[in-house]
Structures are given as C-alpha cells and as structure tokens.
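Colleague: Residue numbers (the working numbering), protein chains in the order written: chain A, 1 to 300; chain B, 1 to 514. Structure incoming, see below.
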C-alpha cells in the first residue's frame, strides 16, 4: 500500500500513457502505410478535399476522451489538495538560497535539510521562502508545491513506508539550485519521538579543551550572526541552525556526507566546495579550524 | 535578412546547447561553473525563441506573404525594415551583456524575485529586459505589417477564404502577436523600473508580488508557444498537399481550428503555474482549457495525414521533414496534454520531462517545419535547389540525434531530475541517460554542419531552378525563381485556392469560390 496521492497520480499517468500510446501508434501507422501505399506513380490522384462527417466524428471522439480526463483530473485534484480552512501546519519549511529550514510546530524542534517524520501519519506542511521562489518536491511522498516569498502554501506529506526519501528544489533559484537537495527520513513513532527529544536538548557543553576552544572560535568569529546554536524558536536563521549539527548525516543540502574531512574542506574555503554559497571565507588559521571542526562534529 | 539573422543566432544558440550538454554528460561534472551554466541556459532559451524561431518565421512570412497573395510588397516596407533592425538591435544588446559584466542568469522566464537586483546583481538581466523590449517591438511591427498586408493588398479576386493556409496562419498569428507581446513588454518595463528606479512591482519583501510577474510572463508565454507553432503548421499545410499532389484534407477545418487555437491560447497560461499553489477552482478551469486546446491541434494532425490518403507522394527532403514534424510534434503534443492533467503536472513540472516536451514542440515541431519550408522555398528564393543528397544526410542525422537526445529525457524527468541544474548526483540510471542524451546532441551538431555546407555550396552554383519545380499551385510559383523586384508583371486568373492548378488543368479546375 502506497501513499494514496501517489497512487492517484500514477493511475492517471497510466491511463494517459495508454491513450497517448495508442494515438501515437495510430499516427505512425497511418503515416507509414500511406507513404508506402500511395508513393508517387506518376499519376495525378483524384483531387478530393476532405470529408466533413469524418472530421466531426473525430472531434466527437476527441471531446469524449477529453471529458473523461477532465473528470479524472478534477477528482484527483480534490483528493490530493483538500486543505482545512484556517490551516495550521504541523511542520513549516522555509526555503533559503540553498538550504531548507524546518520548524516543527508542536515540539518546537528546529533543524535543516534532513527532515524527520513519523510513518503513517498525514502531516500538513506549511511552505514559504525567505528569499526567491523555491519548490518542494519529494517524488515518492506527494505533490510538488512552490515556496513563494510573502505567501504560505499548504500540502500533505505522508508515507506508509519507513526509510529515507530524496527530493530536490524544483524551481530555478540561482547559482546552487542543482545542489539544493533534501532528504526526508521516515521513522516509526518511537524513533521519531526519541529524535525529537534529542533535538530539544540545549546545546551540549563539555569539559574537553578543544571543544571549548572551538566554541570560543564559533562565538568570536561571528558565526553566531547567521547560525543559531540554541533551540529557541524565536531565533532568526540566516544559515542553518547548528544546535545538533552532528546528528545530521549530510550537510550542504545533502551535498556532502557529514564527516570531519568534508567539514574541514568546507570551513577552509566554502566557495571551493559550493561556489556561490552565502558562507564567506573566514580564512581560519589551522589551529582555529581544528578546534571548530572538533566542536561542530560533537554537537549531537 | 531575417533568415540570415536567425541562422547566425541558431549557430550561437546551438553552440551554447553543446556546452550545456557537455557539462551534463557526467554526474558531478565541474567543466563549467554554476554561474556560467546559468547564464548559458538562460541565453540558449532566450536566443532560440526570440532570435532564431521568431525571426525565421517572420522572415519566411515577410518574403512569402506578398508573393502568395499576389502583392508586390508588404504594406509598410519601412516598418518592415524597422522591425528587422529592432530585432537585430535587441539581439546585439542581449549578447553585449557578456562584455558588460555577465549575461542574464535568471532563465529565459526570468522569475522574480530571483531576477531582481538583490539576487541578480550583474547587469545581465537589464540587458535581457531591454533586448527583449526591442525584439518585442520588432515582432509587433512585423505582425501589424502581416495583418495589414493580408487585409489590403490581396489580388483583387482573392477572397479571405481563398488564402493559402500558410498565409492564413500567419494572418491569425499576426493577431496573436499583437495581443501577446504587449503583455510581455509591459512586464519587462515594470521589471526594468524595479531594477533601475527601485520600484517594487515584483518584490514581495516590500509589498510587491512575485506571482504577478509569472502571470504577465505566461499570459504572453503561452500564446508565444502557438505564435511559434502556427507558422510551422502553415508550412506543413503547404508542403504536404503539394508533395501528395492533392489539396489539403478539410481546408475549412484546418483554417477554423487555427482560429480556435488562437482564441484558446489566451486562456491556458496558468498550466505553467499549477505548482504555484492556486486554488483547485482556478487550476481546474485552466486544466479544462488546456485540454480543449489539444482538440483543434489534434484535428490538424488528422487532416495532414488525411491529405496523404490516396495521394501520390513524392519523398523529397522537404516532405520528409514534414513527416518527421508530424511524428515528433505528435509526441510533443501528447506529452504537453499530460500537463493539463494537474496531478501529473504536480509531479513532472520543472523536470526534464518538460525539457523533453518543449524540445519536441520547438525543435521537433517548429524547427522541422522551418527546415521543410526552407527546402521547399529555397529554389524560389535563391533560384537554386539545395542538394537533396546532403539534405537526406542532414535529415536522418538530425532526426536520429534529436530523438536520441530528448526521448530519454522524459524518463529522466520521471526519475526525479529537476531542470535547470548544472550538475546532478550519481543516482541510478541518471548517468547513462544523460550520457546518451549528450551523445545525441553531437549527431544534431554534425547534421547542422552538413546543412550549413549545403547552403554554402548551393549558393555558389549557377541559378538553374525552374519557376515551379514542385508543380505547386500557389501564386508564388508563377513568378520566376528568384522573383523580380516587383514580384508580378501580371497575375494568373484567381478563382479558387489553387490558381496554378486551374491554369494547368483547364479541363478539371477546382470549384470556383468567387
């Protein structure tokens, strides 16, 4: 059993595909047959100019096919996109150049790029954008919907199956549109709640000297101007919230695996890794880089 | 002149496409930077639509309309020259952007707010706006000229229902252009004011609306698709009957379906915006109109095939391009119909499925139509026949490469590959499908090389074409090849849609229509 929205779409596509294939085969068949059968033999054929009854018949057939698909389409739209009045989103996603900010309404969890949802529950997504138009699209989990600055749109997100699902920004949004990908992790209710609890804990403190040095660098080097390290819902995020950065398996919108090596390369020269990204190059000395990588990769 | 302009920009746009396909041949390729890629795909789209297909079709119209209706010139010769140079200036300004700090990088559709100062800080988009305003004025001038010429300068005996179908479609097309391009130019001006004088038409953060731009753009943009398709339909409606030695099947239906398309074309634009998040009512209305517009288009395909029935078919390169048009345009039309089924659009819009669709319409449709027209009218225009042998190489390589490049892109879209991405991760099947697609582009590249060579060597030969080499029936073929400066010394009698047929078959003339 799949997500019903996807089933509707696939069924429509199947019907459409069958009709389109038949039409295409007929077109090719007749072109092929006529060009072979009526190849020039040097004679002038009868100069007939059409057959009105035939044309009207074809129009009637076309209208019937069209009506069938129109009814199917309207029914499909209604069952996929029926949103309650005064909707309250369970999960708000805000598009940024080139990452996804996620805010869970009920629990207050803040995260980015790796979205966790519980299996078998219909989740109302609220979508908007902080800069240009983006578009939310996880092919296996439902429809595509644009994320438009100054406007909030709603859609359902649902999965019957646990696992990880990939998607991508689907509206051209600038230099790194290609690398604005997203990952949705569908978990059992228990796993999801455990994950939420983990995310709600305040940022970690440690007596580890290198960790504290990294924290100091993070604060002194103005990282905090863009990246929060608290779970406070009021914090405005310019860059992704990093409170539990190390709990994410990938970073840079699913571009790189989250490991020390990749993180180091990124901090050393962001433009080298993802040209156009909004993160400036801080030219960290080696010692600071070391501490920062250690610090960030321990934020679980 | 128009045709040379189109050919010149066709080469540039084609080279841009080759670089794009080279970048996309392999996953995670870093051949060119994302910034360069975005400028190139923007310029590729803008060039091919506004500087290749538009001028090629306007050029054929300008040359042929007076000849086909028995007139000596267009109604406004100076406006004609003005239109051409506006288009030329627009194209030049568009390309000048590369020397002024970078090309436009927000796509040919130039969505706000990505195209506003905050997100596109080079002057590329400004050049795009000014360039398109100029080519837009050029197109409007040309359309005005078409409509006036057909209305006022027809041979005295030629009634409107006796127009050759190419002229009829260019005539209807004139009205489409007159209604659609002002919408685009209004939007372009508003954005120019946004960018230059800090207005807020399309900037949501200060009270504007990003969606408003999309409405302006697509209210122009969808009629534009038909503006590019109708003249090609017109060419096909001349070529297929002549090479089947039979009149068109259902003249009235072909002519009236053109009017139906022109009217419906203004009521379908939101199908480019189904994923924006408008209500089901709005989307449902535009789904219905988008499905409806498929009917007159389908009727045309049936009529073209019907024309061949019991004909006597001569397989010239021109006819073969017309048949390639029929098959590939059918694919493009069918895949287009799938977007009217809104839930399918919610999955596939802005994916490679759309990229495949648009190329089946513009390249497999319009461009094949133009090729058919060029091979058909080349002897009339230049007095020389293009080599049929080279033409067949051109045809087969191009058709093969075209389908190799674009057929599989439908699959890529269904697999989840968004369009306008400069690179992609190495997901299952993506690599092989993209690689095949890129290899197909090489075949098309070689085919166009052969086409250029064909034109080049043909123009060096002496003039040898007869007045009416294809035994066609419309008035242009009663003039010498190429025609005299004043087109006609004297017109043959015109009593039907096929005056030259009546002249050559006095014992079996067509029904008199006047």
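Glycine included, C-beta positions come from ideal geometry on N, C-alpha and C.
When DSSP labels each residue in this structure, what does residue 187(A) get in the three-state scheme?
Modeller: In the structure shown, residue 187(A) sits in a strand (DSSP, three-state: E or B).
Colleague: What residue does the alpha helix (DSSP H) around residue 118(A) start on, and which one ends it?
Modeller: Not the alpha helix (DSSP H): residue 118(A) falls in the beta strand (DSSP E), residues 114-118.
Colleague: Would you say residue 407(B) lies against chain A (beta-carbon separation less than 8 Å)?
Modeller: Chain A, which has no Cβ nearer than 8 Å to the Cβ of residue 407(B), makes this no.
Colleague: Just the chain A side, please: which residues come within less than 8 Å of residue 251(B) by C-beta, in chain order?
Modeller: Those within 8 Å of residue 251(B) in chain A are 49 and 50.
Colleague: Would you list the residues sitting across from residue 431(B) in a DSSP beta bridge?
Modeller: Note: residue 431(B) sits in no beta bridge, so no partner.
Colleague: For residue 317(B), tell me which candidate among 247(B), 347(B), 354(B) and 399(B) has the shortest Cα-Cα distance.
Modeller: It is 399(B) whose Cα lies nearest to the Cα of residue 317(B).
Colleague: Which of helix, strand or coil does DSSP assign to residue 269(B)?
Modeller: The answer is helix: DSSP assigns residue 269(B) an H, G or I state.
Colleague: Output the residue ranges of the alpha helix (DSSP H) runs that lie fully inside the segment 23-108 of chain B and measure 4 residues or longer, sorted by chain position.
Modeller: Segments of the alpha helix (DSSP H) lying fully in the segment 23-108 of chain B: 34-46, 54-69 and 77-96.
Colleague: Using CA atoms only, rank isn't needed, just tell me which of 417(B), 357(B), 423(B) and 421(B) is closest to residue 402(B).
Modeller: The shortest Cα separation from residue 402(B) among 417(B), 357(B), 423(B) and 421(B) belongs to 357(B).
Colleague: So, helix, strand or coil for residue 411(B), using DSSP?
Modeller: Residue state, collapsed to three classes: helix.
Colleague: Within 8 Å (strictly less), CB to CB, does residue 128(A) reach chain B?
Modeller: No, because no Cβ of chain B sits closer than 8 Å to the Cβ of residue 128(A).
Colleague: If we count the other Cβ atoms within 10 Å of its Cβ and call it buried at 16 or more, is residue 135(A) buried or exposed?
Modeller: Looking at its Cβ environment, which holds 16 or more other Cβ atoms inside 10 Å, residue 135(A) is buried.
Colleague: Indicate whether residue 94(B) and residue 119(B) have their beta-carbon atoms separated by less than 8 Å.
Modeller: No, they are not a contact pair.
Colleague: What does the alpha-carbon distance come out to for the pair residue 286(A) and residue 168(A)?
Modeller: For residue 286(A) and residue 168(A), the distance between alpha carbons rounds to 35 Å.
Colleague: Would you list, in sequence order, the uninterrupted alpha helix (DSSP H) runs of no fewer than 4 residues that lie entirely inside the segment 229-281 of chain B?
Modeller: As far as the segment 229-281 of chain B is concerned, its whole alpha helix (DSSP H) runs of at least 4 residues are 251-264.
Colleague: In whole angstroms, what separates the C-alpha of residue 139(A) from that of residue 164(B)?
Modeller: Taking the straight line from one Cα to the other gives about 48 Å.
Colleague: How about residue 245(B) and residue 312(B): do their beta carbons lie closer than 8 Å?
Modeller: In contact: residue 245(B) and residue 312(B) (Cβ atoms closer than 8 Å).
Colleague: Run through DSSP, which three-state label would residue 4(B) get?
Modeller: The answer is helix: DSSP assigns residue 4(B) an H, G or I state.
Colleague: Taking DSSP's pairing of strands, which residues face residue 257(A) in a bridge?
Modeller: In DSSP, residue 257(A) forms a bridge with 250(A).
Colleague: If you count every other CB in all the chains shown that lies within 10 Å of the CB of residue 214(B), and 16 or more means buried, which is it?
Modeller: The residue is buried, with at least 16 neighbouring Cβ atoms inside 10 Å.
Colleague: Report the CB separation of residue 418(B) from residue 170(A) in whole angstroms; it is logged as a contact under 8 Å.
Modeller: Contact flag correct, Cβ pair sits at about 5 Å.
Colleague: Roughly how many whole angstroms lie between the Cα atoms of residue 149(B) and residue 128(A)?
Modeller: Cα-Cα distance, rounded: 51 Å.
Colleague: Find the residues of chain A that neighbour residue 280(B), judging by a C-beta separation of less than 7 Å, and give them in chain order.
Modeller: Per Cβ cutoff of 7 Å: 77, 78 and 81.
Colleague: What residue does the beta strand (DSSP E) around residue 308(B) start on, and which one ends it?
Modeller: Here residue 308(B) belongs to no beta strand (DSSP E); instead the alpha helix (DSSP H) covers 294-308.
Colleague: Taking the straight line between their C-alpha atoms, what separation do you get for residue 371(B) and residue 327(B)?
Modeller: Cα-Cα distance, rounded: 15 Å.
Colleague: If you draw a straight line from the C-alpha of residue 267(B) to the C-alpha of residue 294(B), how long is it?
Modeller: About 13 Å.
Colleague: Under 8 Å, with one C-beta from each stretch per pair, do the segment 134-147 of chain B and the segment 205-216 of chain A reach the 3-pair mark?
Modeller: No, the segment 134-147 of chain B is not in contact with the segment 205-216 of chain A.
Colleague: How many angstroms separate the CA atom of residue 464(B) from the CA atom of residue 480(B)?
Modeller: For residue 464(B) and residue 480(B), the distance between alpha carbons rounds to 11 Å.
Colleague: Alpha carbon to alpha carbon, how far is residue 255(A) from residue 431(B)? Give it in angstroms, no decimals.
Modeller: Approximately 17 Å between the Cα atoms of the pair.
Colleague: Tell me where the alpha helix (DSSP H) around residue 100(A) begins and ends.
Modeller: First-last for residue 100(A): 99-104, but that is the beta strand (DSSP E), not the alpha helix (DSSP H).
Colleague: Taking just the CA atoms, how far does residue 200(A) sit from residue 247(A)?
Modeller: Cα to Cα, residue 247(A) sits roughly 12 Å from residue 200(A).
Colleague: Which of helix, strand or coil does DSSP assign to residue 111(A)?
Modeller: Residue state, collapsed to three classes: strand.
Colleague: Use the C-beta contact count for residue 173(A): other C-beta atoms within 10 angstroms, 16 or more gives buried, fewer gives exposed.
Modeller: Label assigned to residue 173(A): buried.
Colleague: Starting from residue 133(B), find everything on chain A with Cβ-Cβ shorter than 7 Å and list it in chain order.
Modeller: None at all; the shortest Cβ gap to chain A is about 22 Å.
Colleague: Taking DSSP's pairing of strands, which residues face residue 168(A) in a bridge?
Modeller: Paired residue(s): 181(A).
Colleague: Terminal residues of the continuous beta strand (DSSP E) containing residue 9(A)?
Modeller: Element bounds for residue 9(A): not the beta strand (DSSP E) but the alpha helix (DSSP H), 4-37.
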